[in-house]
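Undergrad: Going letter by letter, the sequence shown gives residues -24 to -1, 1 to 108 in mature numbering (1 follows the signal peptide of the UniProt record, and there is no 0).
Backbone N, C-alpha and C fix where the C-beta goes; we use that ideal spot for every residue, glycine too.
Following this message is one structure expressed as structure tokens.
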Amino acid sequence: MMIGRASGLILVAAAGLSPGSAQAGFYSGEALLESCTVDRTDKAFFEKSYECVGYVAGAVDAFNTTREVNGLKSCIPADVTLNQLKGATVDYLRANPDKRAQSASALVFTATRQAWPCPKAKARPGTKKKRN
């Protein structure tokens, strides 16, 4: 009897923890924008500001690590500051309200790629692009 209750509780907990279909990540662009733009007079200003910068920095570090693992360099110049990364992200989120329900990490990626695009890869000699 006790095992049955425990199994039921586990199923209920798992159902509550499973991500919704509207968002692939734990944090939406809307939530990130809210953290990144909290008013200085708000009692949660410092907490939200650190949350914003920490999230953006973590997302960018993850993208750069993925690129490195795949033998690619970061496209973001080494002298870019956390404040610039935050600014590019906030600008993108403000300009694209229809995308804010998406995963915040995907939106940070898109914002930074838009602000600091990767150079186009040059075709290797002897290779041709296929046309559809």
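(1) Pull up the distance between the alpha-carbon of residue 137 and that of Cys51, whole angstroms please.
(2) Locate the alpha helix (DSSP H) running through Gly34, then write down its first and last residues.
(3) Counting C-beta neighbours from all protein chains within 10 Å, is the total for Leu9 16 or more, i.e. buried, or is it exposed?
(4) Select from Thr65, Ala80, Leu61, Glu44 the residue whose C-alpha is nearest the C-alpha of Phe2.
(5) Determine the contact status of Thr65 and Leu48, defining contact as a CB-CB distance below 9 Å.
(6) Report yes if the CB atom of residue 142 is closer than 9 Å to the CB atom of Val29, and no otherwise.
TA: Let me spell this out:
(1) This structure cannot speak to residue 137, because the chain is shown only from -24 to 108.
(2) Translated into positions along the sequence shown, residue 34 becomes position 58. Unbroken alpha helix (DSSP H) run through Gly34: 21 to 45.
(3) Mapped onto the sequence shown, residue 9 falls at position 33. Leu9 is buried by the Cβ-count criterion.
(4) Within the sequence shown, numbered from 1, the residue matching residue 2 stands at position 26. Nearest option by C-alpha distance: Ala80.
(5) Position 89 of the sequence shown, counting from 1, holds the residue named residue 65. Position 72 of the sequence shown, counting from 1, holds the residue named residue 48. By the CB criterion at 9 Å, Thr65 and Leu48 fall outside the cutoff.
(6) Summary: the structure shown does not reach residue 142, with the chain confined to residues -24 through 108, and so no result is reported for it.
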